[in-house]
Structure formats: C-alpha cells, structure tokens
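Under this note's numbering, read the sequence shown as residues 14 to 182, first letter to last. Positions of the beta carbon are idealized from the N, C-alpha and C atoms, including for glycine. The structure appears below as structure tokens.
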Amino acid sequence: MPADRATPPATFASASNFVRSLDDVDRRLLRALAADARMPNNALAEQAGVAPSTCLGRVRALRESGVIRGYHADIDPGALGRPIQAMISVRLQSHARGHIPDFMARIAELPEVLNVFFLGGADDFYVHIAASGTENLRDFVVVNLSGNPDVALTETNLIFEHVRAGLEH
C-alpha cells in the first residue's frame, strides 16, 4: 500500500480479549502472507519494509492474538477425487436454534465438508462441500441434511468454478 494512502487502523480481538490496532506494517505483512504463506521471513520483511527481527516479532504477535489463524495448503478437491463442489444453504427448524453449535460441529467433521458458514438472514448456514460424484452429493444432502430432524430446508447450488480473491480488493 502506498505511504500516501493512510488508512485508519482496523481493530481485532482474540479469544484472550487482547485488543490492538492493525497498522500499515501489519496490513502489508498480512497481504503478503495471504498471497504466499510460505514466504521466507527475510522476503516478508523486505516486502513490509521492516527488519527481519521486527517482522518475526510482528508475525508472532499476529498469530498469538488470533489474527493469523493458521497456515494451510489450498488443494484442488478434484485431485483428491472430489471434483464436484456445491454450496448448500441450510435453514434449521425454529425449535432447533439451541442446537446450532452441535449442528456446526457435526457437519464440519464430515469428509465432504470444506467450510461451514454460520449466517445472519433467511438461511442459517452455507455448507461448502466437495463430492466424488452426483450420487455422493445426493447422499450427503439426503442423509446428513434432509434426514436431520433439526433441518427445515436445504438448497443446493453447484459451483462451476472458484477463484480465490486476494486482499488487494
């Protein structure tokens, strides 16, 4: 980010209630790590315009405070034999509102599930899955969602293509 475009600091809080503001250096570090989490510390420090020791301390603080939640490999589900992706909206029965944490945990453990999003609005969840085929997709919806007495409604949308957006937007 150019130096002449100052932006107000974003605020974050971790589970330990630690609160601090992100400054421009933190944002540069996060953008670089979002693009390449395997970037060596010296290259990361150079991109952020800080010393390697400062970079190391900043990244450690961002991890400890919960801003950096982890590092992962972005693997094509098709390479793992699950080429069909879908986003399934789920609405729970009104009497099942107390079961939300259990529902999320149970669904997140299923092998087809890539992400579970808890929503505000008409639907309660989006469940992003990768299935091995149409039968696997159908069985997932019928057995794990429609067959669940807490679920009132599901709507399945196939994902034709997925492009990961960067933080530059």
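For residue i, is the classification buried or exposed, using 16 other Cβ atoms within 10 angstroms of its Cβ as the cut-off for buried?
i	result
ALA121	exposed
PHE153	buried
LEU42	buried
ASN157	buried
LEU46	buried
PHE173	exposed
ARG18	A caution first: ARG18 carries a pLDDT of 36, below 50, which makes its placement in the model unreliable, though a value can still be read off. That one is exposed.
ARG177	exposed
ASP49	exposed
GLU125	buried
PRO232	Since the first residue shown for the chain is 14 and the last is 182, residue 232 is missing from the structure and cannot be characterised.
GLY134	exposed
Less than 7 Å separating the beta-carbons of residue i and residue j?
i	j	result
CYS68	LEU75	no
ARG95	ALA144	yes
ILE142	ALA99	yes
THR169	SER159	no
ASP163	HIS112	yes
Cutting at 6 Å between CB atoms, please list the residues of its own chain near residue i, excluding the five before and the five after it.
i	result
ASP136	SER102, ARG104
ALA86	none
Based on the DSSP secondary-structure assignment, which residues constitute the bridge partners of residue i?
i	result
THR169	ILE101
ILE142	ALA99, VAL126
SER66	According to DSSP, SER66 bridges with nothing at all.
Looking at the C-beta of residue i, does it have a partner C-beta in chain C at a distance below 7 Å?
i	result
PRO162	The structure shown has no chain C; it contains just one protein chain.
Leaving out five residues on either side along the sequence, give the residues of the same chain with a beta carbon under 7 Å from the beta carbon of residue i.
i	result
VAL129	MET117, ILE120, ALA121, PHE138, VAL140
ALA28	Residue placement at ALA28 cannot be trusted, given a pLDDT of 39 that sits under 50; what the coordinates show is reported in the next sentence. Counting only Cβ-Cβ distances below 7 Å, and skipping sequence neighbours, we find GLY79.
LEU132	PHE138, TYR139
ALA165	ARG104, LEU105, GLN106
ARG151	none
ALA61	VAL38, ARG41, LEU42, ALA45, CYS68
GLY146	ILE97
Within the same chain, show all residues whose beta-carbon is closer than 8 Å to that of residue i, passing over the 5 residues directly before and after it, in chain order.
i	result
VAL72	LEU42, LEU46, ASN54, LEU57, ILE81
LEU171	ILE97, GLN98, ALA99
Please find out if some non-hydrogen atom of the ligand SAH comes closer than 6 Å to the beta-carbon of residue i.
i	result
LEU166	Absence of the ligand SAH from the depicted structure is noted, as is the absence of any ligand whatsoever, leaving it without description.
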